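For reference, the structure discussed in these notes is given below.
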Amino acid sequence: MIEVQDLWFRYPESDYVLKGISLEVPRQSYVAILGENGAGKTTLVKHFNGLLKPTRGKVLVCGLDTREHSVASLARRVGLVFQNPDHQLFANTVYEEVAFALKNFGFPEEEVKRRVEAILAELELDRYRDRSPFLLSMGERKRVALASVLCYEPDVLVLDEPTTGQDHKQKEKLAELLQRLVDKGKTVVVVTHDVEFVADHIPISIILSRGQIRGQGKTLELLSNEDLLAETFLFPPQLTAILWKLSKLGLHPAPSVEEVVEAMLQARRQSP
Amino acid sequence: MVSALPPAVIFEQVSYKYPRSEEYSLKKVNLRIEQGEFAVITGPSGCGKSTLCKCINGLIPHSYGGTFKGKVIVHGKCTLEHPVYELAQLVGLVFQDPESQLFCSTVEKEIAFGLENLGLPREEILARVEEALDLLGIAHLRYRAPYELSGGEQQKVAIASCIAMRPKVLVLDEPTANLDPLSAKSVLDVVYALNKKLGVTVILVEHRLEMISHLASKLVVMYRGEVLTQGPPRKVLFSWKILEIGVGLPKPLLIALMLAEKGFPIEAPPLLPEELVELVAGGEER
Amino acid sequence: MRVFEGLYYVKRNTAMHRLDPRAKLVYVLCITILSTAVFHTALPMIMLFISVIPLAVEGRVLRRLLSTLRGGAMLAAFIFIFNFIGRLWNIGFVSPSSPEFLEALMPSLAMALRFLTLIATFSIFFLTTSPDDFAQALVQMRLPYDYALTFTMAMRFIPTLAREAQIVADAQKSRGLELEKGGFMQRIRNYIPILVPLIVSSFRRAETIADAMESRAFGASKKRSFLYMLRFKLSDTLFSAICIAITAAIIWLRLSSFLPP
Ligand SMILES: Nc1ncnc2c1ncn2[C@@H]1O[C@H](COP(=O)(O)OP(=O)(O)O)[C@@H](O)[C@H]1O
Ligand SMILES: Nc1ncnc2c1ncn2[C@@H]1O[C@H](COP(=O)(O)OP(=O)(O)O)[C@@H](O)[C@H]1O
Ligand SMILES: [Mg+2]
Ligand SMILES: [Mg+2]
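One line per chain: the protein sequences are A, B and C, in this order.
Sequential numbering from 44 applies to the first sequence in this note's numbering.
Sequential numbering from 390 applies to the second sequence in this note's numbering.
Sequential numbering from 2 applies to the third sequence in this note's numbering.
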C-alpha cells in the first residue's frame, strides 16, 4: 500500500531529518509509528500523501511515485489527520467542515450529504451538525477533524498523535473506532509516542528514533526489548514492566491483564 | 499528613460559571491541600480541572468574570480580596501548551519577566534567574530562544519562570500532555525534586496516573465539575468506580482490583509493578 | 515577502550591532531629513543611498539589504512610473528629446531613489537592532512599556506564525484543497480555509499568553525594573555627534547653495 525506499529528507537549511528510511505498510494492516518528540514521525508521514517529496529515495503510494503526483490526487487515497484540530477547522458549521474535503474531491451533492450524515452519526457528532466547530470541546474538535477525513473513505488513514491530551475513555473510544476501520479492510497508521496505547491496541509497530528506523515488527516483541527501548528513549508498557518483575511466574511474552491475574492466583494457591 | 501549618490551598463551596456559559463548570467544590503536599488532580476531559487551576491564582474570577460563589483561600489570603499580580507571587501557574506561555525572546528574559514586573533590583533579578536555571538544570539554555527548544525544555523554562518568583504553591495544568515519555518523566522528576528540595506545594493535573500517582501524597478525582474523592492515591484509586467514570487506572492497581474480586487479600494496593510483585513474593515467603 | 526580510534582525557581533539603538535612530533621522526635506533631485539621492552601503558592510548584512532592496525595487519602479506619467500628463506628452521631458523624468527618478534610500536606512536599523533592544530603547525614551512589549511579542511570534501557516496549509491540502485552482476570485477564496484557522488559533494563543503574563505578576508594580538597561556609551555619543555634525554641515552647504537641491 505504502512503500518507502531508502528515503532521505532534509528541510531547507537543516540537516537530514530522515536518514535512509525503508518500510512497507501492507494493505489492510494496522501499524503504529512510535518515536520520541522530534524523531521525524510527522516529517515521515507527510511523505505519504506527497506534502513533502524525498530529497533522496522514493515513496510509492498504491504503486504511484509521490514525486509524480499532486497532493490532491494522493490525498484522495491517503487521509492524513493532523495532531491539532485547530490547525484545520475553519467552517461555520460542523456539517460544512466535514463536507469540505468531499466537495474538493468533487463528490456529487447527494453523495456529500449522505456521507456527511453517516460519518457524523458514526462519531456521535450528529447533534452538533449545525453548530460552529470552534465552540466544541477539544475532544469533540478532534473527532470533527477525524470525521472530515474519514468521510471520503481513503484507503489508508494516517493519524498524527491522536491521543495527546485525551483522557482514558476518549482513547478507548478512538481505539474501538480504529479497530472497526481495520475490520472493514482499511489500512490504519497511527503516529504516536504513547507506548501504552500502542501496546494495548496496535499489533504491528515501527520504531523511529532520530530519523532512523530502529525496529519493525510485532508491537509486544519490540516493546519488551529492553536495549531497543533504552536506545530509542521509550519506556516499556506497564504490562511488560510487570511481566519482567513477574518473570518467575513463567508467563508467555504477551499476556493479557486477565492472564496475569490468573497466573498470580495460581502462584498464591501453590505457595503454602 | 498532619501539620500545624495553615493549609496551602482551601476551596470552600466553590461554584463557578463562565460568562456566556449555561452550566456551572465547578459545583460546590471543597478541597484542602496542606503545605508541602504533592497533590495530583485527575478526571475526564472537561470535568473542570483547568478551571480549578485558574481559581487558585485568582485568574478566575478576576480576569474571566462569570459567576463565582464560595471562597478560595491561599496561604490565608482570600483570592477575591487580592489582585492576580499579588497572588502570582504566592502561586506559580504552568500551562499545558508549552510554546504559547513563553513570549520572550530568550530563556533568560523569560525567567526575568515576572521579577521585572515586581520591580526587583537588577542584581536580585540576576541572582534569582541563575538560581532558577540551576534548579531546573537548564543553565545551558540561558541565551536560547524559547521557540526553538523542545517541548520538554519549554516546560522546564515555564516552570523556571514561575519558580524564580519563589512561589509557595506551584500549579501545573497537564504539563506533560504534549511530551514524549522520556521528556515527560524528566519534567515530572524536576517538579518532584522542587517539591522535596524547596518544600513547594505542588498541584499537578495529569491523566496518565501510571507516571505520577506513586509520587503523589494526595489524589483528587474530579467528575463533571465536582470533586468526587480526595485522599491518598492508593486508597482513592483502589475502586472500580474510578474506572467507570473514565479514569485510566495504573495496570498494577487494575490487576490488584481483579485479584481482590477473586478473594486475594490486598493490604496495600500497588501502584508500581514492583509493588504488585511483592503481593505474590510476600505470599511465597509465608 | 522579501521586503519584510529586511526588517528581520540578523544576530551578529559587529560595531553596527553593538551601537545603541538610539544612536542608530539619530542616524536614521538624519538620513530621513536629508532625503525628504533637504534634497529633491536624483544626484544627492544617489549619494545618500551610497552612504548606507559602508554601514551595511560593517554590520555584515549587505546581502540581506540587497535582497530587501530587490523586493523594494518593484515598488520603487511603480513610484517612478506613476510619478513620471503624472508629470507628463500635466505638461502634455512631449517628445523624449525635449528638455521638459527630462524635467519630468529626473524628479520622478529622485522620488524612486528617495524611497529606496529610506528603505535601505530603516532596513539597516532593523537588521542590526534586536527587537528587544529596540523595545528597550523605546521604553528608555519614555514610551509606555505595554507598547514596547506588544512590539517584541509580535516579533517573537513571527516564526511561530510562519510555522503554523505551513501546518495549516498542509492540513488543508491533505483534505484536497488546491490553492492554484480557479479564477482570480476563486484563488483568493481558496485562502479562507488557511486564514481562518490561523486567526482562530492566534486568538486562542493570545488568551493563553494573557493568562501566562498575569500569572507572572504583569502589572504588579508601577516602577517596573529591567534586567538589561541600555547604556549610551562613548562610541554612541561619538557616532551620533558625527551624524549630526555631517548633517548640519550638509544643510549649511545646501542653504549657501554650494550643493544642488
Ligand atoms: N518545517 C521545518 N523546518 C525545519 N525543520 C523542521 C521542520 N519541521 C520539523 N523540523 C525538524 O525536523 C525534526 C523532526 O520533526 P518532526 O517530524 O516534527 O518530529 P516528530 O513528529 O517525530 O516529533 C525535528 O528536529 C524538527 O525540529
Ligand atoms: N473560557 C471558557 N468559557 C466558557 N466555558 C468554558 C471555558 N473554559 C472551559 N469551559 C467549560 O468548562 C468546563 C470545564 O472545562 P475545563 O476546566 O477546561 O476542563 P478540564 O481542564 O478538566 O478538561 C467544560 O465544560 C468547558 O466547556
Ligand atoms: Mg510530530
Ligand atoms: Mg484542561
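Glycine included, each C-beta is placed from N, C-alpha and C at the ideal position.
A quick note: this is a predicted structure, and the numbers were derived from the prediction, not measured.
At least one heavy atom of ligand 4 lies closer than 8 Å to the C-beta of B/Glu563. Shown in chain order are the members of the stretch 223-235 of chain C whose Cβ falls below 9 Å from a Cβ of chain B: Lys223, Lys224, Arg225, Ser226, Phe227, Leu228, Tyr229, Met230.
Beta-bridge partners assigned by DSSP to C/Ala207: none are found.
Closer than 9 Å to the CB of C/Arg65 there is not a single CB belonging to chain A. Residue pairing by DSSP places A/Ile76 opposite A/Val234, A/Ile249 in a beta bridge. Under the Cβ distance rule, B/Val480 counts among the residues neighbouring chain C, one pair being separated by less than 9 Å. Distances from the alpha-carbon of C/Gln173 to those of C/Leu199, C/Phe152, C/Tyr148 put C/Leu199 closest.
The nearest non-hydrogen atom of ligand 3 is less than 8 Å from the C-beta of A/Gln126.
With respect to A/Ile247, A/Lys261 sits close: the two C-beta atoms are nearer than 9 Å. In this chain, B/Tyr407 is not harboured by any beta strand (DSSP E), its DSSP state being neither H nor E. If you ignore the 5 residues before and after B/Tyr413, its C-beta comes within less than 7 Å of the C-beta of Ser404, Tyr405, Lys406, Gly614, all in its own chain and listed in chain order.
The three-state secondary structure of A/Leu61, taken from DSSP, is strand. Chain-order list of chain C residues neighbouring A/His130: Glu165, Ile168, Val169, Ala172, Pro198, Ser202, by C-beta distance under 8 Å.
By the CB criterion at 9 Å, B/Leu448 and B/Lys460 fall outside the cutoff. Between B/Val463 and B/Val616, the C-beta gap is not smaller than 9 Å, which leaves the two residues out of contact.
In this chain, the alpha helix (DSSP H) harbouring C/Arg88 covers 63-92.
The C-beta of B/His529 comes no closer than 9 Å to any C-beta of chain A. Secondary structure remark: continuous alpha helix (DSSP H) runs of at least 4 residues inside the stretch 260-302 of chain A, in chain order: 262-265, 269-274, 281-288. For B/Asp562, no chain C residue has a C-beta closer than 7 Å to its own C-beta; the minimum C-beta separation is roughly 10 Å.
Exclusion of the five residues before and after B/Ser452 leaves Val473 as the residues of its chain whose Cβ lies within less than 8 Å of its Cβ. For a Cβ distance threshold of 9 Å, residue set Phe133 of chain A lies close to C/Ile193, ordered along the chain. Scanning the stretch 574-639 of chain B for uninterrupted alpha helix (DSSP H) segments of 4 residues or longer gives 598-601, 622-626, 629-633, listed from N- to C-terminal end. Taking 8 Å as the cut-off between beta carbons, the residues of the stretch 271-297 of chain A near chain B are Phe276, Leu277, Phe278, Gln281, Leu282, Ala284, Ile285, Trp287, Lys288, Leu289, Leu292, in sequence order. Remark: fewer than three beta-carbon pairs, one from each stretch, lie closer than 8 Å, so the stretch 99-112 of chain A and the stretch 171-187 of chain C are not flagged as touching.
Relative to ligand 2, the beta carbon of B/Lys438 is positioned inside 8 Å of a heavy atom. As for any alpha helix (DSSP H) of minimum length 4 sitting wholly inside the stretch 106-144 of chain C, the runs are 132-141, ordered along the chain. What B/Gly455 touches in chain A, judged by beta-carbon distance under 7 Å, is nothing: the nearest beta carbon there is about 17 Å away. Of all residues in the stretch 147-179 of chain A, the ones placed with a Cβ closer than 7 Å to any Cβ belonging to chain C are Asn147, Phe148, Phe177, in chain order. The C-alpha of C/Pro160 lies about 27 Å from the C-alpha of A/Arg99. Distances from the CB of A/Arg170 to the heavy atoms of ligand 1 are all 8 Å or more. Taking a Cβ-Cβ threshold of 8 Å, none of the residues of chain A is close to B/Asn419; the smallest such distance is about 23 Å. Three or more beta-carbon pairs drawn from the stretch 104-122 of chain C and the stretch 32-49 of chain C are found closer than 8 Å, and the two stretches are therefore classed as touching. Put simply, of A/Lys89, A/Glu301, A/Asp198, A/Lys96 the residue whose alpha carbon is nearest the alpha carbon of A/Pro69 is A/Asp198. A direct Cα-Cα distance of roughly 19 Å separates B/Pro662 from B/Ser606. Secondary structure note for A/Lys156: its alpha helix (DSSP H) is the uninterrupted segment 152-165. Spanning the alpha carbons of B/Lys498 and C/Arg143 requires a straight line of approximately 21 Å.
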